[in-house]
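Participant: Numbering (the working numbering), first residue to last: 1 to 881.
Just so you know, even glycine gets a beta-carbon here, dropped at the ideal spot from N, CA and C.
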């Protein structure tokens, strides 16, 4: 009986109509345990079976295992989705093969409904799949229904991030509310109970209401909790029925009839029928489950610890008889429940490796964590492997807490005890990387040096080569490019004798980056080779790193043509492969490009989109954070000083020149524009203290010209090696310097040199540039300088560009193109877009072609994916520049 859910049911029925037309929909059904999510789905299915016989129903459940079953719901759906999906689930093709098989199954069927129930228990591989599907839902004949308990999903829950990333235009949120007092009264009175009292006891929770009515308890009885209600009903059962429920309550997933027969014996199967008849269990096709999960939990809670261990042990024994078909996650769950250390140590690492192969690193880490509970009973070699494997999987899952570092140290101690210096060196090297991710460069360097000392004491190997390459990387990140080149070349020479493709692409990346940042053009070829190897061999993270370093070089060395191409290619690649951290970092570089181009609002829009994301590491968002602070400062925003100081504090925490120098320079600019000469001089003094370690020609140039602008004597070392615009400004050739900056495409630097020329025409041209950028503090400074020079100025009349919206959009989309892009993301075909915008289909085809070109998207799906990753691309311009 469906009560007070008619509106939600109608929403689902409307959504399936849209999905059947090829415009996929997502429905989120949320609420506390027992709120009626499954009941609503049952009513929805009944309402659609006769009307839409072509619908394919695929349903899967997440389960409350100690460690969630990797891709559990997909395994449940395998038979409905077809043989290709089943094969992909059991093959070694990994994520790519499975995703392709599922996508093909959905694209080639007339219409499908995919139901993922109880996502609050979902494994990370399942959440990754849902993220993948949600980004493509707009063009699929699919309705995706997700249910979860919202009271078990907090801000830190991994499901929260997925829910925030879902495309709003096709997502329908159905938070189920408790039943009203009026509804409860009607239900209670139909069964001869006091509705008012029942509502007080249950607060309108449908499960509590149903349980109380089913128990047929006296109206004056008030249970303290649902456990009391369930316990009351259990007490009314025959002892053998009650024991049966207790035995199977340790099973977090619905067991099959076959498994129950193996567990209980054929003679006790009649007891299952008794429990079905009493309303505790439900036969659901090939499986048997508790009618409500709360009933199972309440039953489980009342079992003594000794009985729990015994019941887990008998489930474990039954599972072990299945031979090759042993479900590893369930084996680990029951072994842990039975306190069977031998089985945990045997099967938890196997389950972890299987989860990692499926791309579910959180689950892999959880399995290793289960094994570590019994690490004292493991042999030293196994114990060391458990510590280092847990640390590795935890780091891949974006965890760099102290416990992860401690695990590496435990592994080092154990490997030393059994005389394995190669393993000691490997773990020291990994400790170095962990500290670098934590922005602790001093510790990173210390452990990198220790790894090298250990590995140099044994014959050369790929481990030693990678240790050298990691040392090269650390030098490169600290702008010690000569040292970076030496270490990278040494790593490559060892790799030539001990071939290892990952070492090669890592070292080539370091070598190329170090060279290009010292104006050596050979470095670009090394970077391209590293990228090609990574793409060819499917090393996505190394490819992302190559795109990142090339993009950073192009932006910082003001090669904007190269920057545009690499940033577009890199962002498309990172988005396609769900490399979120790299997407954020590279988006920060795109924001830097827009800042340098004088497009302040575009830079702010992109940077805010990155900084506002909830889960991110400090390093991945530093570029965007610095751009946001600088752009707001140039626009004259009130919060600029606070943002600039926070950017500097975070940069100092990294102890990394590539972040510290721009943060100091931005504060110098702010102090200069705000007429705080003492603060400007203080920051310049701090910056000059770093000069001996900084050989970045563009950093040196910026530092030198700002010293000159403040009336200080700039450092004379390497001054002749600076890029030409800096030399011209330092020599007082401001108009020539302005011309060079203009040719490079940097309007702010152009305007500043025009201001320094202190001529009527130069002031006037600078006004035009600064007004176009809405750079209010610089405009105020200009007028002060003009007054001091006795020059009278007029406000520049700005020429209208091709379209105002195109100038305000980060990628130059016109207003009409922005409208077209939004409709593409809603899954509309060209004809539908033409109808909606009242334009000819040919005109829309031209707009779509232009949009795809500006997004560097080969097709509509790639455009949708990019917008999913960079939502600011379809946000309305603020029009307040």
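So, at 6 Å on beta carbons, what are the nonlocal neighbours of residue 447 in its own chain, with the 5 sequence-adjacent residues on each side left out?
Facilitator: Closer than 6 Å at the Cβ level, and outside the excluded window around residue 447, lie 428, 431 and 432.
Participant: Below 8 Å on the Cβ atoms is my guess for residue 555 versus residue 527; work out the distance and round it to an integer in Å.
Facilitator: That pair is no contact at about 14 Å.
Participant: Under three-state DSSP, which class holds residue 160?
Facilitator: Helix, per DSSP.
Participant: Just to confirm my understanding: we take residue 8, look at its own chain, exclude 5 residues before and 5 after, and list those with CB closer than 8 Å. What are they?
Facilitator: So the list reads 29, 40, 174 and 176, once near-sequence residues are dropped.
Participant: Which of helix, strand or coil does DSSP assign to residue 253?
Facilitator: Reduced to three states, the DSSP call for residue 253 is coil.
Participant: Count the other CB atoms, across all protein chains shown, that sit within 10 Å of the CB of residue 271; report buried if there are 16 or more and exposed otherwise.
Facilitator: With 16 or more other Cβ atoms within 10 Å, it is buried.
Participant: Cutting at 6 Å between CB atoms, please list the residues of its own chain near residue 204, excluding the five before and the five after it.
Facilitator: Excluding positions up to five away in sequence, the list reads 178, 179 and 184.
Participant: How about residue 120 and residue 149: do their beta carbons lie closer than 8 Å?
Facilitator: The answer is yes: Cβ separation under 8 Å.
Participant: Indicate the three-state DSSP secondary structure (helix, strand or coil) for residue 289 in the structure shown.
Facilitator: Reduced to three states, the DSSP call for residue 289 is strand.
Participant: How would you label residue 46, buried or exposed, when you count the other beta carbons within 10 angstroms and need 16 or more for buried?
Facilitator: So residue 46 ends up on the exposed side.
Participant: Which value, in whole angstroms, describes the spacing of the CA atoms of residue 563 and residue 34?
Facilitator: Residue 563 and residue 34: Cα-Cα distance of roughly 54 Å.
Participant: Suppose only complete runs of 3+ residues qualify. What are the beta strand (DSSP E) ranges in the segment 75-135, listed by chain order?
Facilitator: If we require 3 residues or more, the beta strand (DSSP E) runs fully inside the segment 75-135 come out as 112-117.
Participant: Counting beta carbon pairs with one atom in the segment 83-95 and one in the segment 322-334, are three or more of them shorter than 8 Å?
Facilitator: No: fewer than three Cβ pairs fall under 8 Å.
Participant: Establish whether the CB of residue 59 and some CB of chain B are separated by less than 8 Å.
Facilitator: Protein chain content of the structure displayed is limited to a single chain, and chain B is not contained in it.
Participant: Is the segment 495-511 close to the segment 671-684, with three or more CB pairs under 8 Å?
Facilitator: Contact between the segment 495-511 and the segment 671-684 is absent, because fewer than three Cβ pairs lie under 8 Å.
Participant: Taking 8 Å as the cut-off, decide whether the C-beta atoms of residue 632 and residue 640 are in contact.
Facilitator: Result yes, Cβ atoms of residue 632 and residue 640 sit closer than 8 Å.
Participant: Express the C-alpha separation of residue 763 and residue 803 in angstroms, rounding to a whole number.
Facilitator: With a pLDDT of only 43 at residue 803, under the threshold of 50, the placement of this residue in the model should not be trusted; the figure read from the coordinates follows. So the two alpha carbons sit approximately 27 Å from each other.
Participant: Using only the alpha-carbon positions, how far apart do residue 599 and residue 634 sit?
Facilitator: Cα to Cα, residue 599 sits roughly 11 Å from residue 634.
Participant: Measure the beta-carbon distance from residue 358 to residue 347 and round it to whole angstroms, keeping in mind my assumption that it falls under 8 Å.
Facilitator: In fact, because the Cβ distance is near 16 Å, the residues do not count as touching under 8 Å.
Participant: Measure the C-alpha to C-alpha separation of residue 677 and residue 785 and round it to an integer number of angstroms.
Facilitator: Going by the C-alpha atoms only, they are around 15 Å apart.
Participant: By Cβ distance below 6 Å, which residues in the same chain neighbour residue 483 in space, the five residues on each side in sequence not counted?
Facilitator: 475, listed in sequence order.
Participant: Take residue 218 and list the residues in its own chain whose beta-carbon comes closer than 6 Å to its own, dropping the five residues that flank it on each side.
Facilitator: The predicted model places residue 218 with a pLDDT of 43, which falls under 50 and marks its position as unreliable; any figure quoted below should be read in that light. None.
Participant: Within its chain, find whatever has a CB closer than 8 Å to the CB of residue 441; leave out the 5 residues flanking it on each side and keep chain order.
Facilitator: The answer, listed in chain order, is 435, 474, 477, 478, 654, 655 and 656.
Participant: Which one or two residues does DSSP pair with residue 57 in a beta bridge?
Facilitator: Answer by DSSP bridge pairing, in chain order: 113.
Participant: For residue 352, which residues in the same chain have their Cβ closer than 6 Å to its Cβ, ignoring the five residues on either side in sequence?
Facilitator: Correct list, in chain order: 364, 367 and 368.
Participant: When you compare each of 261, 198, 207 and 15 to residue 137 by their alpha carbons, which one comes out closest?
Facilitator: The residue with the shortest Cα to Cα distance from residue 137 is 15.
Participant: If you check the beta carbons only, do residue 288 and residue 327 fall under 8 Å apart?
Facilitator: Taking 8 Å as the Cβ cut-off, residue 288 and residue 327 do not qualify as a contacting pair.
Participant: Take the Cβ of residue 587 as the centre, count every other Cβ of all protein chains shown within 10 Å, and call the residue buried at 16 or more, exposed below.
Facilitator: Buried.
Participant: For a test of the three-state rule: what should DSSP assign to residue 149, helix, strand or coil?
Facilitator: Coil, per DSSP.
Participant: For residue 140 and residue 106, which I take to be in contact (beta-carbon distance under 8 Å), what is that distance rounded to the nearest angstrom?
Facilitator: Contact flag correct, Cβ pair sits at about 5 Å.
Participant: Look at the alpha carbon of residue 100 and the alpha carbon of residue 487, and state the distance between them as a whole number of angstroms.
Facilitator: So the two alpha carbons sit approximately 41 Å from each other.
Participant: Taking only the alpha-carbon atoms, compute the straight-line gap between residue 713 and residue 705 and give it to the nearest angstrom.
Facilitator: Distance between the alpha carbons of residue 713 and residue 705: 9 Å.
Participant: So is residue 57 buried or exposed if we call it buried at 16+ other beta carbons inside 10 Å?
Facilitator: The residue in question, residue 57, is exposed, as its Cβ has fewer than 16 Cβ neighbours within 10 Å.
Participant: Is residue 26 closer than 8 Å to residue 172 when the C-beta atoms are compared?
Facilitator: Contact: yes.
Participant: How would you label residue 538, buried or exposed, when you count the other beta carbons within 10 angstroms and need 16 or more for buried?
Facilitator: Classification of residue 538: exposed, given that the 10 Å Cβ count is below 16.
Participant: Does the structure place the segment 150-161 close enough to the segment 391-406 that three or more beta carbon pairs sit under 8 Å?
Facilitator: The answer is no - the segment 150-161 does not touch the segment 391-406, with fewer than three Cβ pairs under 8 Å.
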